[in-house]
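When you line the sequence shown up against full-length UniProt numbering, it's residues 1 to 986, in that order. For each residue, glycine too, the CB sits at the ideal point set by N, CA and C. None of the values given here were measured: they were computed from a predicted structure. Working notes for the structure below.
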Amino acid sequence: MGFIVRVGTPEQYFSVLPSTANQQTWVPIPEGCDSSRVGNFSNCGDSRGVWPFENENSEGFQSNQSSTWETIGIYELYLEEHLGIDGNGLFGYDSVGLGASGTAVEKQVVAGIATSNFWLGSLGLGANYTNFSDEEQPSSLLRTLKDSGYIPSLSYGYTAGAPYRYSKVVGSLTLGGYDSSRFTTNSISFPFGSDSERPLVVGLQSAIGTDTPNGTVSLSGVGSGILAVIDSTVPDLWLPEAWCDLFEDVFGLNYVEETGRYLVDDDQHAALLQLQPTLTFTLGASTTGGTIGRFDLPYAAFDLEGQYPVFPNATRYFPIRRAANDSQYTIGRVFLQETYLTVDSERGIFNVSQAKFSNPMPSSELVAIVSPSDVTNSTAGGNSTSSVVSENTENGIGGGAIAGIVVGVVGALIIVAGLLFWWLRRRRNQRGEWPDEETTEQSAENGLPPQYGGEFIGSAANVPELSDGKARTDTATPKSRHEATSATPLSEAGGREKYEAEGSTPFSEAAGTERYEAEGSTPMFEAAGTPKYEAEGDTPMFEADGRSRQRVYEAEGSTPVCFEMRSSKLLFATCFGLHPIASRSAYAESQAESICPILPIGIWQSPTCPIDAPDSVGNDPVSAQGDDWFRSDTCHEVGPDEICAFTQPSFNAGHGIAVVTTAQILEKMVSLPIFTIPGSQKPAHQESTILAYRDEQIPGKGIGLVASRPIQTNEAFLSRMPIVMVDDTAFKRLGRARLTELLNEAIGDLPETHQAEYLNLTTHGEVNTHHEKVYEIFMKNDFLTPVDDIMDFHSVFPQVSRLNHACRPNSKYTFDASTLSQSVFAARKVETGEELTVAYFDSIQTHSQRQLLSKHGWGFECTCSYCSSGEEIIEESDRRIEQIHMLQKDLDDYSPESAATPDKAELLVRLFEEEGLITRMVEAYYRAAVEWSGVGNAAEAIKFAKVCIKEGEVLESSIRPFINNMRELVKYPSAHWTWQFRLSHK
């Protein structure tokens, strides 16, 4: 599991992996996501553990945005060079904080990494100093925490977590001590090795496999053992080739020379899942004899799946690597899923214990390891509870261990981190990842509950480090459910997969000839020995200690599609084969002065008048005549694509629409019926002729919508088409400055009287310029809107954005791609004067998690009635939420080992009702229908399927495959794919 760190001022958030071999903090930088490195990989920043920064997606640490950053220089990342894993890093000093909030430590060594060899950042746990020069040798984060009194000693306890056990057991990291609840105590201690940079050396004496296809066998041969270093930076076990050959033979693995990985084909994987082998590793202080410990790892710990950048697609593999020599023998993070590592750097000892698992997991029992300097007659010994001097008084753990407690909580906070990756932007992830209806294992006919209406339907599982990160929404059919247990070696929490690709081949660059700069970040690498100055305020890059290779990477310019003259808006009928896109100047000359109609706010055809804002993009007013499209004066290249702002002022009865995208994607867009069929430009759902809401100032929230009359359950009271759409590539890859420029041109090209629909929306904060306002409005008000077979878009809908957040909202919404409209429905009867609300994020979370989501996602502390309740009510709600998560995990497990029952499904329905999850009831009904069908009770299955259909019909444009699934169940229960599938497992 990744752990949260905060770097810089203002703080930039990252999910990183603990590194037992490093003493520095490493975070990705935007250069690593350049298309010359990653091609068209669209989720680069997210996949590298980078959180959004200042309300926009980020692709890495932006050092020039941190007021506390001090550049040191570019140095080689030699940490894993003995494994052939290397690269360069931009080193500097900056503040580093642990967890989502709390104290940050100033002037810590931070390295910005662009190389794909280290895909994720890392939190160094070592106590060594970093030697930049004889005069500059800064201390480690661990040492700084100890010297500052935050932790009692240079020590830590760590286990990686086990996603395949129970409800995905999360990782645990404690600084200044250990968590005794996470392991079975033993008395084995290991001394530090002689190499201060690789101290955690053990004797791996043997490896034994039981219940393998060959029975009980040795996986290490008959020779002596090996000395290997425990290194959580890498995921795999690096073993002698002779050992790897035995693994290959016993487990039926396939070695691929190009990647250096061992793959597992589907048939062999199924066979191994059936056998469930156990691997037992014997560790000692030397390669033979002495005091030893045996550690059991189930096959599930090795059942991994890798993706980019190691493999182009998801690929099942077995995490062992061939070591070229004895310097490469390494025990990676896969081993730490089933073991707990405790390290005491001041005494030079460490302990490895078998990790403990239970359902539920026990509460933490943190024990401080006291520094030898603070102990009289301290005893040496192992790093277990029996051999390490600890502080655990009658009043609990002493003050010196407080940091250990705080950092230990980071392992729990990553649950929220995972949720933030899904929900960090307002209502962006309303879309479900719909299974392909043509597939057999992931189709709607046998899939799990969907996502819709701004919330995530189903259990957004919290995924530890070595897991698939898919939240199990892509699980297989009941007949092959075991396929869902395959895991990914380096994924992060909450469904955002984060892969590290040590040893993968980077894109080739010619030093000094290629150049790359990411907007808003410090330029990297110039020809060796030559300082390079870029735009004002950028930092020159110098060679450091003769160890760095300095280059500048630049993606080659791409050829614009259709256009050559960017300064004018040319006709491009020849590109699209459609009606011409006219030059707007002809209309500008003939446009008459506009008159703002005085009509009630909220009437679809009647926007309010524009605010007095400068026309900073220099655009003339655009006439709302004809069906012409206009292209912006400015376009920007992202890899091979040229992204522009296209505007059709006549769209939607003259309100207009602007689309930031490429010419190729717009060509597909304008072929949609809404653009080609006369009279089709209408919202998906017709609102009542009696207006159902009014704008009103809501205390502490700004302008919101309030019911002006009673609104009935499932009544569509608001339906709008977008005023601006930005395609997903532009949204993620343009960067703030370029996106701001295109948005300003796009909004400036809309009919002047209707620009106000956009400009009157909130920015949730002060802005200094018109450009900033246009950008902030978009970032605070956009919805994720998938247009089938074209692309995901981020869209702003006037008036819909007025809806404020509530954790238990009274309204739900859906996007209809066929009409490009967002429709909002009452989830229950809403009385006159009641505020209308939706959920901005998945609110099936505990109170503290919801507060973290709202604060870090949108900059406000949620004060909805549910979050403002008394302490007892909040605690009761949190208990229900935790029970809901456990039930959903059981019910979404279709394997023969599943603990799901119809009683649990009915309990889930009751808990949803008690918790007031009225906008999410379709999820509970869906699961109940599946469970009753699974045991062959048609009457109960049909009952829940019908209420599921009733609840979901108004949202059918978003969840149609799942509603159809329920309709099939009602129509032919005994022929449905779920019929008696639970009984077939008995």
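- Taking the Cα positions, ILE72 is about 7 Å away from TYR93.
- Bounds of the beta strand (DSSP E) holding HIS794 are 791-796.
- Under the three-state reduction of DSSP output, THR159 falls in the strand class.
- A residue is called buried when at least 16 other Cβ atoms come within 10 angstroms of its Cβ; GLU257 does not meet this threshold and is exposed.
- Taken through DSSP and simplified to helix, strand or coil, LYS943 comes out as helix.
- THR174 is the residue among GLU897, THR174, ASP303 and PRO896 whose C-alpha sits nearest the C-alpha of GLY157.
- Taking the CA atoms as reference points, ASP749 sits about 7 Å from PRO649.
- When only Cα atoms are considered, CYS948 and GLY2 end up about 36 Å apart.
- Secondary structure of GLN851 (DSSP, three-state): helix.
- Only buried fits ASP179, as 16 or more other CB atoms lie within 10 angstroms of its CB.
- Only residues of its own chain outside the window of five on either side were considered, and among them GLN12, PRO30, GLY45, VAL50, TRP51 and PRO52 have a CB closer than 8 Å to the CB of SER58, listed in chain order.
- If you ignore the 5 residues before and after ALA114, its C-beta comes within less than 7 Å of the C-beta of ILE29, GLU31, GLY32 and MET524, all in its own chain and listed in chain order.
- GLY203 and GLY221 do not touch by the CB rule: their CB atoms are close to 15 Å apart, not below 8 Å.
- Here the alpha carbon of ARG709 sits roughly 35 Å from the alpha carbon of VAL659.
- For GLU696, the enclosing beta strand (DSSP E) has its first and last residue at 693-698.
- Just measuring C-alpha positions, the residue of ARG880, GLU834, GLN822 and GLY124 sitting nearest PRO809 is GLU834.
- As computed with DSSP, HIS885 is found in no beta bridge at all.
- Counting C-beta pairs closer than 8 Å gives three or more between the segment 791-803 and the segment 710-727, which meets the contact rule.
- Between THR278 and THR339, the C-beta gap is not smaller than 8 Å, which leaves the two residues out of contact.
- For ILE665, the enclosing alpha helix (DSSP H) has its first and last residue at 663-669.
- For a cut-off of 8 Å, the C-beta gap from VAL105 to THR68 is around 11 Å, too long to register as a contact.
- Around the CB of ARG294, fewer than 16 other CB atoms lie within 10 Å, so the residue is classed as exposed.
- Taking all protein chains in view, the Cβ of ASP267 is surrounded by fewer than 16 other Cβ atoms within 10 Å, so the residue is classified as exposed.
- For LYS855, same chain residues with a beta-carbon under 7 Å away, outside a window of 5 residues either side, are GLU861 in chain order.
- Judged by beta-carbon spacing, PRO213 lies within the 8 Å limit of LEU275, meaning their Cβ atoms are closer than that value.
- Taking 8 Å as the cut-off, the beta carbon of ASP892 is found no closer than this to the beta carbon of LYS904.
- Taking every protein chain shown into account, the CB of TYR262 has 16 or more other CB atoms within 10 angstroms, so this residue is buried.
- When DSSP states are grouped into helix, strand and coil, CYS807 belongs to the coil group.
- Put simply, the backbone Cα of ASN351 is about 11 Å away from that of SER155.
- In the structure shown, GLU861 adopts coil according to DSSP, grouped into three states.
- With a beta-carbon spacing of about 16 Å, TYR317 and VAL250 fall beyond the 8 Å limit used to define contacts.
- One alpha carbon belongs to GLY290, the other to PRO191, and they sit about 13 Å apart.
- In this structure ARG738 is buried. Its beta-carbon is surrounded by 16 or more other beta-carbon atoms within 10 angstroms.
- When the Cα atoms are used, VAL5 and GLN23 turn out to be separated by approximately 14 Å.
- LEU718 sits close to GLN799, with the two beta carbons spaced by under 8 Å.
- Per the coordinates, the alpha-carbon of ILE665 lies some 27 Å from the alpha-carbon of PRO309.
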